Every structure is written in C-alpha cells, then in structure tokens.
Amino acid sequence: MASGPLVEKGTGYPEDAPIPSGIAGKISEVLADADEQAGEYSFGGQAETLPPAPGLFVDEIGSIPVPITDYHAQKLIEKCKKSPFGHNLETKMDETVRQSWQLEPAQVKFENMTWQSGIDKLRAIIAARLGYKDIPLQLVLYKLLVYGEGGHFVKHQDTEKEDGMIATLVIQLPSSHEGGDLVVYHGGEVRHRHDFGKADGTSAFLPHYAVHYADAEHAVEKVTKGYRLVLVYSICLPPTMRHLEKDHDKPLSEDLAHLIGSMEDSDEPFALLLSHDYTAKSIQDLGTRALKGIDSARFHALEEANALVPEHKRLELFIVQLTHKIQFEPDRCLNWKPGECKESIRWYSVSGDSLGQVRRTSTVINFLNPGRETLSGMWALHGHSKEEGYMGNEGPTKSTKYARYAIVSWPSAKHLEHAKAFMALDVVIEILYAQKPVDAPRLREFLKAMGARAAKSPAKILTSSEVAGLLVKWVVCNSTNSATGKMIDELKQLDSSQLGPPILEKSLEHFNGVEANDDKFGLLKLLVSKRTEWLKSQIDRLDKPFSWEMPDAQFSDNAKVEEFLRGPAETMIMTKAVEKLKNKDFQDASNYAAKWTREIQVGASFKMVASSANADAVVTIT
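In this note's numbering, the protein residues as written are 7 to 628.
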C-alpha cells in the first residue's frame, strides 16, 4: 500500500508509520502542532442562540407547531416528496437505503423575527469551531426533512450541493421521538453520536444542532417512535474569502520559517497528504481556499512561514491529485490477482489553475506524516473498487482506484529542475521562459533533460502531432548534425502507420530555408518516404482479393493458433487436445478466451468464444 503515483522513500510494513528524512522530518513534526488550529470533525448540542418556537410556516399548509403533531405531520408529508439519494452520479429511490420526506426551502418560512439573528450567532460559533474564526461562512438552507417511524438513512457521504460547500449543518426543531441518532464516522469507526437532546430530555422542548464536514461518512439511525423535524443547511465559504485574513499561531510559523530557510537546494521535494476528500470542481474554483479543518490549518501554517523567509529560500507550493489504479484478473480459483497498474499526478496551482497531468514518474519524494498515519492507512480509506461479472464472452473484472489530494513543495531555487521531473512539458517550458534571460548552458541542460525524458516515453506520445512538431523544430534549429542523426535513427524504427498527416503538417513548416544538400533535408525525405510507404501499403491492400490469411499475425501463447491466423481457414476450435486446454473446465476456457480477446492483437484481428461440447471445454476462434 505504500506505493503510489509518487514513490515513497524507504520501505516498511503496512502497519508502520513512515517518518520523512532530513528537514522534511522536522517540518512534519512542527506541522503536527497545527492540529490545535484545526476545526473539529463533528460537533453539536443545544442550539442556544435559536428560539424554541421558530414560527415555522409552510406554503398551502400554514403554521406548523413544534413538536409536530400527528395531524400536522401527515399534512406536511402530503406536501413533501420522498427523499432520494445519490449513487454513482445517479439519483435513486430506495427506502431500504433512505426513508424520509423533504420540502424545498422556497416553501418554508420562519415567522419568529429572532430566528435569523439566532442563525447568524450560530454561524459565528460554527465558523470558530470549524477553524474559520472571523470568516463569514454562509448557511444555505437545503431542505426541510421529516423522519417518521422507520425513517433512516444508511451510512453515506454528502455531495457538494453548493459552490464552496465545506460542511453540513443539521438543525432539529423541538421533536418528540425515539431513535434517529445522527452517527458520524471517521476512519471507518464511529467517532460522534448526536442524539439531539434525547438523553437529557430536552429534545421535545429545545432546538439542537449537529455539524460535520461534507465528506464525513454519517448515518441516521432508524426512528422507532414519533417524528423528527429537521432543517439541513450547506455551510459554504464566501466568494470573497481570498481577501480575508486569518489569525494563525505566530510561533508555529516562525518555527516552520526557520526550517524552510535552512533547506538546501539538494533537499528532496516533499508532499503533505490531505486528510479530507475534495472534488476537482472545488479545487479548481477555490484552490487552497477549499481546504478544510486540519488540511487548512497545516497549509496556512506552511504558507505563512514561507512568506517569512527570504525570497531566494522560499518554497514552490502546488496542489496535486495522486491516482493509482490497479486492474485485477481472476485466477483458476476465482481469486483476484493484481495486473496492470496505472498512475497519474494531476497538478494545480494554489489558486486552482490546472497545470496538466503526468502519467508516471519514478522520482523519489519525502512524504510528511504529521498525523502518524500507517502505510496502509495512507491509502486504504481513499480507494474505491469496481467489479463486473461475466458479460457475454468477457470474463469478470475488478479494478481499484486510489486517489488522494496532497500539497507538493520544493525549493524555488530548484523549481525548473524538479518541474522537469514531475510536470507536463508545456508547463516546464513556461517555467523556463519565465526565468529570463536563459543562458546557453542552462538551455542545453534543459534540452538534454527533456531528451532523456522523451526517450522513456511511449512511441504514441512522441508521435503525437504536437510533440513530433516540437521535436522536428528543435532538430532543424539545432546547429549540430548529431541531433538530426539521432532523430533519423528513431524515425527509422517507427511503424509508418504512426506518422499521420497532422505530423507532416506540423513538421513541414520548419523546413523552410533548408538546402537539399543539408543533412537536415534527409530528415524531411525520411518523413515523406515513411508516409509514402504507408500509403502504398494501403493501396496494395485494396487491390488484393479478400482472404482470411493474416501473414504477420503473432500469437505468442500457442504456435497452432498463430499458424491458423496466418492461414486461409476461417474458424479454429481449441479443444482439450490443445495443450493450453488440457484438464481445463468451462470456467478456465472462458477466462482464457476473455483474456486473449482483450489483449493487443499483433498483426491480426480475431475473436474467441468459450463453449462446452460433450462435457469438454472448447474455445472457438474466428
């Protein structure tokens, strides 16, 4: 579990809590003190700022007393709609998952004049306890909910209902009921239980409230008697938050500033994993202003400390989303075994600007660990698995995707060097361009590093029109012939089908003024000849009569199958006489067919279908 889109330094067991090395380790220790500035994960109690009688008024019904009577409860339910729930971007209705009724905020009024002033006072209390003291958070009424006997909502996470939403506020008006506790989980365990005054006997006479972060898992236990009348608010950051000041702990910033100022250029980049879940929309809209609780406290401690050090010693700070996806395949016993892994890093500026995505990196980085998370804990709670059963000839599949946001940082003095290792090419070029003037030695070093990076890139990336155009431009403008020779050698090894018209269009514009006797002209001739070669092959195929023969077919798993693919026969049946199917049952044959249908087919096009004949498993190839 320790491995991921960024390679962690060191090794260990899943239950170990990794400790970063060098200055990063000391920064991690200081950031652990930022916990004191973080907002509480969930809190609540009696809403002392709110009047016991809110003066609740509902359109077409009138005034609603609290606690609500059976008569008014039924009238209100008739006016309401059943509450749905979200699942995989879909809105569903299932009373085994959620049973309650809801009313839109436009249909609700509060006739008690002290209600709004009480909400404003409660908002200030909530802001301070969430770690946003003196920031005018917005409370947006989302729904009025009615929970009757049997009403409940299984464990779930709230969606972001408003831009800038960071948390959810639940206000329960005076209600006479049993059951219906709001249970909040953290790390898979129950951490908070809100009973809204039932234990001390005040639930029927006073309003109560509960607050939890929007991404916190929570559940509403079943109401066993009576009714719960609930107002749900979205707690949001104001659009003008970037202009607001926060009061941070100065000694903490000074300690961090001392450590940042003592970092050497040779120190490795470090990453601070964020504890809360975020959406791409919230990061792009708000940047680091979307951070909640402990994440906000830790980042602002770093940010404030960074501003205290001399400019040449400051850190570059970024938001990243680290993604690690594992594809699993079933073995003979239908146990899942890990297969292909895909990794990516999506980059954002601290203001939320997208800085592109990089698929892989092998660069080592220090992971800060102020929360003393274990290696498994760093990723286990941030993964989602998806399984699909048999679909026609396709065997079962499973994939698990781990995704977590982090703050990544490195010294400004080494900004370009680290960007070359981590970030998208266009971003790196912009960073180089901003460091004016760019002298010849630095430019040569940059091109050398980019060449080494390109050498490790797949051909399909290097032969994209944009990348190929840049490479040709650099080679043509280069004063040496060695670069030309290297590119010619690379092009000779490429399949001609990879050099399409967009690449020629992007390349031709750079050959203006190149003489016919120039070595660089040989590069142009090769590009044209490669394209001509492909076009002739396509014409030849059109002139040939149809045949099942695929002379270039490759099937490394079985020589007889490869022979069939290269021959004129239309169909082949693999039986138990074929080595690969000896002592195999239908399940094995189906897995075999599904595997090779999904594999990249080299020089061939075919399908495999598993079936059973006379109790023997067979695979038909067409």
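Virtual Cβ for every residue (Gly too), placed ideally from N, Cα, C. Note that the structure is predicted; figures quoted are calculated from it, not measured.
DSSP, reduced to helix, strand and coil, places Y408 within a strand of the structure shown. With fewer than 16 other Cβ atoms inside 10 Å of its own Cβ, Q544 counts as exposed. If you ignore the 5 residues before and after V315, its C-beta comes within less than 6 angstroms of the C-beta of A263, I266, G267, all in its own chain and listed in chain order.
Considering only G293, K85, E195, V624, the residue with the shortest C-alpha distance to A595 is V624.
Nearest C-alpha to P26 among H390, F570, W540, E379: E379. Under the DSSP assignment, H158 falls outside any alpha helix (DSSP H), being part of the beta strand (DSSP E) whose first and last residues are 158 to 162.
By the criterion of a C-beta distance shorter than 7 angstroms, N118 is surrounded in its chain by P57, A59, P60, G61, once the five residues flanking it on both sides are discounted. Across the structure, A133 and V146 are spaced so that their CA atoms are roughly 14 angstroms apart. As the crow flies, the alpha-carbon of H224 is around 47 angstroms from that of L438. Excluding five sequence positions before and after R135, the CB atoms of its chain that fall closer than 8 angstroms to its own CB belong to G45, E46, F49, V217, given in chain order. I413 and H306 have their C-alpha atoms roughly 11 angstroms apart. Within the DSSP secondary-structure output, E184 pairs in a beta bridge with K231. The C-alpha of I300 is placed about 14 angstroms away from the C-alpha of H192. Separation of Q607 and A600 (C-alpha to C-alpha, rounded to the nearest whole angstrom) is 13 angstroms. Look at R450 here: in three-state DSSP terms it is helix.
Looking at the DSSP output, F373 shares a beta bridge with A277. Segment contact: the segment 158 to 167 against the segment 223 to 237, three or more CB-CB distances shorter than 8 angstroms; contact assigned.
In this structure, the CA atom of E346 is about 7 angstroms from the CA atom of F334. Beta-bridge partners assigned by DSSP to K343: E335. Distances from the alpha-carbon of G28 to those of P111, T294, I83, S272 put S272 closest.
Looking at M171, A23, A210, H214, the one whose alpha-carbon comes closest to that of L297 is M171. Boundaries around Q290 are those of the alpha helix (DSSP H), 286 to 292, since no beta strand (DSSP E) includes it.
Per the Cβ contact rule, the segment 413 to 426 is not in contact with the segment 385 to 392 (fewer than 3 Cβ pairs under 8 angstroms).
In the three-state reduction of the DSSP assignment, F612 falls in the coil class, being assigned neither a helical nor a strand state. Counting every other CB atom within 10 Å of its CB across the protein chains shown gives D22 a total below 16, marking it as exposed.
Q113 is the residue among A38, Q113, N312, T97 whose C-alpha sits nearest the C-alpha of E66.
In this structure Y148 touches S240 by the C-beta definition: roughly 5 angstroms separates them, less than 8 angstroms.
Here V364 is near M429, since their CB atoms are less than 9 angstroms apart. Comparing C-alpha distances from F116 to each of L237, S89, G362 shows the shortest one belongs to L237. Taking C-beta separations shorter than 6 angstroms and ignoring five residues to either side along the sequence, the partners of D261 in its chain run V36, following chain order. When the five nearest sequence neighbours on each side are left out, the beta carbons in the same chain lying within less than 7 angstroms of the beta carbon of N375 are those of A23, P24, I25, P26, S34, in order along the chain.
The bridge partners DSSP lists for V624 are S617. Per the C-alpha coordinates, the member of H282, R197, V72, L292 positioned closest to R304 is H282. K319 has its alpha-carbon roughly 7 angstroms from the corresponding atom of A419. Taking the CA atoms as reference points, D359 sits about 57 angstroms from A575. Each of T403, E54, T406 was checked against the Cα of F211, and the nearest Cα belongs to E54.
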